[in-house]
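Engineer:
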Amino acid sequence: MKDLFEKIYKDKGPLGKWAAQAEGYFVFPKLEGEISNRMKFQGKEVITWSINDYLGLANHPEVRKVDAEAAAQYGSAYPMGARMMSGHTDLHEQLQNELAEFVHKEAAYLLNFGYQGMVSTVDALVGKDDIIVYDVDAHACIIDGVRLHHGKRFTYKHNDIESLEKNLGRATKMAEQTGGGILVISEGVFGMRGEQGRLKEIVALKKKYNFRLFVDDAHGFGTLGKTGAGAGEEQGVQDDIDVYFATFAKSLASTGAFIAADQEIIDYLKYNLRSQMFAKSLQMQLVVGALKRLDMLRTMPELKQNLWKIVDALQSGLKDRGFDIGSTQSCVTPVYLNGSIPEAMALVRDLRENYGIFCSIVVYPVIPKGLILLRMIPTATHTLQDVSETLDAFDAIRERLENGTYKRMSAALMKAMGE
Ligand SMILES: Cc1ncc(COP(=O)(O)O)c(C=O)c1O
Numbered sequence: 003m004k005d006l007f008e009k010i011y012k013d014k015g016p017l018g019k020w021a022a023q024a025e026g027y028f029v030f031p032k033l034e035g036e037i038s039n040r041m042k043f044q045g046k047e048v049i050t051w052s053i054n055d056y057l058g059l060a061n062h063p064e065v066r067k068v069d070a071e072a073a074a075q076y077g078s079a080y081p082m083g084a085r086m087m088s089g090h091t092d093l094h095e096q097l098q099n100e101l102a103e104f105v106h107k108e109a110a111y112l113l114n115f116g117y118q119g120m121v122s123t124v125d126a127l128v129g130k131d132d133i134i135v136y137d138v139d140a141h142a143c144i145i146d147g148v149r150l151h152h153g154k155r156f157t158y159k160h161n162d163i164e165s166l167e168k169n170l171g172r173a174t175k176m177a178e179q180t181g182g183g184i185l186v187i188s189e190g191v192f193g194m195r196g197e198q199g200r201l202k203e204i205v206a207l208k209k210k211y212n213f214r215l216f217v218d219d220a221h222g223f224g225t226l227g228k229t230g231a232g233a234g235e236e237q238g239v240q241d242d243i244d245v246y247f248a249t250f251a252k253s254l255a256s257t258g259a260f261i262a263a264d265q266e267i268i269d270y271l272k273y274n275l276r277s278q279m280f281a282k283s284l285q286m287q288l289v290v291g292a293l294k295r296l297d298m299l300r301t302m303p304e305l306k307q308n309l310w311k312i313v314d315a316l317q318s319g320l321k322d323r324g325f326d327i328g329s330t331q332s333c334v335t336p337v338y339l340n341g342s343i344p345e346a347m348a349l350v351r352d353l354r355e356n357y358g359i360f361c362s363i364v365v366y367p368v369i370p371k372g373l374i375l376l377r378m379i380p381t382a383t384h385t386l387q388d389v390s391e392t393l394d395a396f397d398a399i400r401e402r403l404e405n406g407t408y409k410r411m412s413a414a415l416m417k418a419m420g421e
């Protein structure tokens, strides 16, 4: 019989196999200093384009003050226990009511982490006779939720309404046999490439097919829509989203998340969400902090205006200089370049060391072979000066990529990797 660990000793996994070349620099980098447009990486100042602090709240003095006061008043333990047992408070309820109102839903329920909350919500919404139809590019937390499902599931091609309709047809036939219902899951904004889920067109299919729609709006909440209620509001279909999800980890610059829906659905979920029934309640300092942040979203429209000033400057600047930024319809700003993984590594090193620009890099297998994706997250803390320095740096690195500089620089690296 094999030792369970044998496979681990042999194979570190698709990302882990790059650890020796990548760890500490390309993965698990340590960004230091206060969360802002400029932070320190390995002792040098860098313009930071990789943090989802969209509205610049992470380090806002009013937020920091409220967080510190709440930590002093409540510590990090209170309340102890799961919501259902001993972890429930007036402020948890108040936050839920305010979140529900903000996203124009009847009720909301707090989740102590977005990821496990999504997994658990998918799990709670479906029974074995129900069918799930979801976008093939869905976030890992949706996929893991679907993995718990004992019944049938279909994926549809990314943001492809024809493919969704085909799969809804299949799912409808199957549901007629099983006696179950259908749950469609999309993201409000797909966080890697920035395109919005085609919620308007998905909702239009409700006229033809009987399904409920669950939207993960992690990147849309606070950034899209007239009031910041997200992708559904932006597309005029917020009322037709049956279950809405957002995390505090992006626009609210904190930890925690929530779901919002009709009162009856939330009442059901609150008694059936295993991630909340069997885990400690969201601690009070996070609840108080979220109340403050939400108040700022409501009363300080300039936060979103500042964000979009930077998004527009960055995205139009990149387009004007001939960069391919795909089909983003959100703040998420991808820049696609052609090159190998070693070239991508040399390019990112150059960007960080010589131009002081820090952004995330995505390569195969997340995107097709031969493509390099530099993923940039503009925030309200960035300045137009940051944008113009970054655009100049991008011009320079594109030239070096095209004239083979990175190929030469990466030759040694390729050799080391055995490619
Ligand atoms: C689309 C999406 N859904 C869910 C999550 C998980 O949220 P959390 O960080 O609160 O666990 C993330 C990442 O933060 C995300 O990008």
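The numbering used here puts the last residue of the sequence shown at 421; the count rises by one with no breaks. Ideal placement from N, C-alpha and C gives every residue a C-beta, glycine not left out.
How far does the beta strand (DSSP E) with A220 in it extend, from its first residue to its last?
Structural biologist: As a first step, residue 220 must be located in the sequence shown, where it is residue number 218. No beta strand (DSSP E) contains A220, which DSSP labels as neither H nor E.
Engineer: Just grab the DSSP bridge partners of K12 for me.
Structural biologist: Here residue 12 is taken as the residue at index 10 of the sequence shown, counted from 1. Per DSSP, none; premise fails for K12.
Engineer: Just the C-alpha distance for L349 and Y56, rounded to the nearest angstrom, thanks.
Structural biologist: Residue 349 sits at position 347 when you count from the first residue of the sequence shown. Residue 56 sits at position 54 when you count from the first residue of the sequence shown. Taking the straight line joining both Cα atoms gives about 26 Å.
Engineer: Tell me, please, whether the segment 299 to 306 touches the segment 130 to 142 by the rule of three or more beta-carbon pairs shorter than 8 Å.
Structural biologist: Output reads no: the segment 130 to 142 does not touch the segment 299 to 306.
Engineer: For F260 versus A24, is the C-beta distance shorter than 8 Å?
Structural biologist: The count along the sequence shown starts at 1 and reaches residue 260 at position 258. The count along the sequence shown starts at 1 and reaches residue 24 at position 22. The answer is no: Cβ separation not under 8 Å.
Engineer: Below 7 Å, is the gap between the Cβ of A251 and the nearest heavy atom of ligand 1?
Structural biologist: For the purposes of this step, residue 251 is identified with residue 249 of the sequence shown, where counting begins at 1. Within the cutoff, so yes.
Engineer: Starting from V135, follow the beta strand (DSSP E) in both directions and report where the run begins and ends.
Structural biologist: Locating residue 135 in the sequence shown gives position 133, counting from the first residue. Element bounds for V135: 133 to 137.
Engineer: Does the beta-carbon of V143, which I'm using as the reference point, lie nearer than 7 Å to any heavy atom of ligand 1?
Structural biologist: The count along the sequence shown starts at 1 and reaches residue 143 at position 141. The question names Val, but residue 143 in the sequence shown is Cys. C143: yes, Cβ under 7 Å from ligand 1.
Engineer: Using 7 Å as the cut-off, classify the Cβ of F115 as near or not near the heavy atoms of ligand 1, replying yes or no.
Structural biologist: Within the sequence shown, the letter at position 113 stands for residue 115. Yes, the beta carbon of F115 sits closer than 7 Å to at least one heavy atom of ligand 1.
Engineer: With DSSP as the reference, label T50 as helix, strand or coil.
Structural biologist: Here residue 50 corresponds to residue number 48 of the sequence shown, with the count starting at 1. Strand, per DSSP.
Engineer: With a CB to CB cut of under 7 Å and the five nearest residues on each side skipped, what residues in its chain are close to G358?
Structural biologist: Sequence index remark: in the sequence shown, residue 358 carries index 356 (1-based). Contacts found: K46, E47, V48, I49.
Engineer: Would you call Q240 buried or exposed, if buried means 16 or more other Cβ atoms sit within 10 Å of its Cβ?
Structural biologist: The sequence position of residue 240 within the sequence shown is 238, counting from 1. Flag for Q240 reads buried.
Engineer: Suppose you measure from the CA of M194 to the CA of F223; what does that come to, to the nearest Å?
Structural biologist: Here residue 194 is taken as the residue at index 192 of the sequence shown, counted from 1. Here residue 223 is taken as the residue at index 221 of the sequence shown, counted from 1. M194 and F223: Cα-Cα distance of roughly 16 Å.
Engineer: Would you identify the three-state DSSP class for D326, choosing helix, strand or coil?
Structural biologist: Numbered from 1 along the sequence shown, position 324 holds the residue referred to as residue 326. Residue state, collapsed to three classes: strand.
Engineer: How about I133 and G182: do their beta carbons lie closer than 8 Å?
Structural biologist: What you label residue 133 is simply residue 131 of the sequence shown in a count that begins at 1. What you label residue 182 is simply residue 180 of the sequence shown in a count that begins at 1. Yes.
Engineer: In the DSSP assignment, what are the bridge partners of K42?
Structural biologist: Against the sequence shown, residue 42 aligns to sequence position 40. Bridge partners of K42: E34, E47.
Engineer: Would you check whether ligand 1 has a heavy atom nearer than 7 Å to the C-beta of E189?
Structural biologist: Numbered from its first residue, the sequence shown carries residue 189 at position 187. Result yes, Cβ under 7 Å from ligand 1.
Engineer: Kindly identify the DSSP beta-bridge partner or partners of P336.
Structural biologist: Here residue 336 refers to the residue found at position 334 of the sequence shown. Per DSSP, R377.
Engineer: Run the proximity test for M286: is its beta-carbon closer than 7 Å to any non-hydrogen atom belonging to ligand 1?
Structural biologist: On the sequence shown, position 284 is the one that residue 286 refers to. Checking the Cβ of M286 against ligand 1 gives no.
Engineer: Which two residues bound the contiguous beta strand (DSSP E) that contains T249?
Structural biologist: Position 247 of the sequence shown, counting from 1, holds the residue named residue 249. From DSSP, the beta strand (DSSP E) with T249 extends over 245 to 249.
Engineer: For ligand 1, I want to know if G193 counts as a neighbour, meaning its beta carbon is within less than 7 Å of at least one of the ligand's heavy atoms.
Structural biologist: Mapped onto the sequence shown, residue 193 falls at position 191. Checking the Cβ of G193 against ligand 1 gives yes.
Engineer: Whose CA, out of I374, V245, V289, A102, lies closest to the CA of G77?
Structural biologist: Residue numbering aside, residue 77 sits at position 75 when the sequence shown is read from its first letter. For the residues I374, V245, V289, A102, the minimum Cα distance to G77 belongs to V289.
Engineer: Enumerate, from N- to C-terminal direction, the unbroken beta strand (DSSP E) stretches of 3 or more residues contained entirely within the segment 160 to 221.
Structural biologist: Fully enclosed beta strand (DSSP E) runs of 3 or longer: 184 to 189, 214 to 218.
Engineer: Pick out whichever of L386, D125, Y27, K14 has its Cα sitting closest to the Cα of L271.
Structural biologist: As a first step, residue 271 must be located in the sequence shown, where it is residue number 269. It is D125 whose Cα lies nearest to the Cα of L271.
Engineer: Give me the DSSP bridge partner(s) of I343.
Structural biologist: As a working mapping, residue 343 is identified with position 341 in the sequence shown. According to DSSP, which records beta bridges pairwise, I343 is partnered with nothing at all.
Engineer: By the three-class DSSP mapping on this structure, what secondary structure does F280 have?
Structural biologist: Position 278 of the sequence shown, counted from the start, is the residue given in the question as residue 280. Coil, per DSSP.
Engineer: Decide if the segment 338 to 345 is in contact with the segment 365 to 372; the criterion is three or more beta carbon pairs, one per stretch, under 8 Å apart.
Structural biologist: Verdict: yes, contact present.
Engineer: By the DSSP assignment, the beta strand (DSSP E) with R155 in it spans what residues?
Structural biologist: On the sequence shown, position 153 is the one that residue 155 refers to. Taken as a continuous stretch (DSSP letters only), the beta strand (DSSP E) holding R155 covers 155 to 158.
Engineer: Does the Cβ of A292 lie closer than 7 Å to at least one heavy atom of ligand 1?
Structural biologist: For the purposes of this step, residue 292 is taken as the residue at position 290 of the sequence shown. No, ligand 1 has no heavy atom inside 7 Å of this Cβ.
Engineer: Using 8 Å for Cβ pairs, my map puts T174 next to D131. What's the rounded Cβ distance?
Structural biologist: As a working mapping, residue 174 is identified with position 172 in the sequence shown. As a working mapping, residue 131 is identified with position 129 in the sequence shown. Between D131 and T174 the Cβ distance is about 13 Å, and since that is not below 8 Å, they are no contact.
Engineer: Beta carbon of L309, beta carbon of P380: below 8 Å?
Structural biologist: Taking the first residue of the sequence shown as position 1, residue 309 is located at position 307. Taking the first residue of the sequence shown as position 1, residue 380 is located at position 378. Yes.
Engineer: Helix, strand or coil for V364? Go by DSSP, reduced to three states.
Structural biologist: Start at 1 with the first residue of the sequence shown, and residue 364 comes out as number 362. Strand at V364.
Engineer: Could you tell me the boundaries of the beta strand (DSSP E) in which A259 lies?
Structural biologist: Here residue 259 corresponds to residue number 257 of the sequence shown, with the count starting at 1. Counting along the chain, the beta strand (DSSP E) containing A259 begins and ends at 259 to 263.
Engineer: Hey, L353 and I312: beta-carbon distance below 8 Å or not?
Structural biologist: Position 351 of the sequence shown, counted from the start, is the residue given in the question as residue 353. Position 310 of the sequence shown, counted from the start, is the residue given in the question as residue 312. No, the pair does not count as a contact, with Cβ atoms beyond the cut-off.
Engineer: What does a CB cutoff of less than 6 Å around V186 pick up in its chain, not counting 5 residues either side in sequence?
Structural biologist: Taking the sequence shown and counting its residues from 1, the one referred to as residue 186 is at position 184. Only V135, F213, L215 meet the Cβ criterion.
Engineer: Could you check where the alpha helix (DSSP H) with L393 kicks off and where it finishes?
Structural biologist: The residue you call residue 393 lines up with position 391 of the sequence shown. Taken as a continuous stretch (DSSP letters only), the alpha helix (DSSP H) holding L393 covers 386 to 404.
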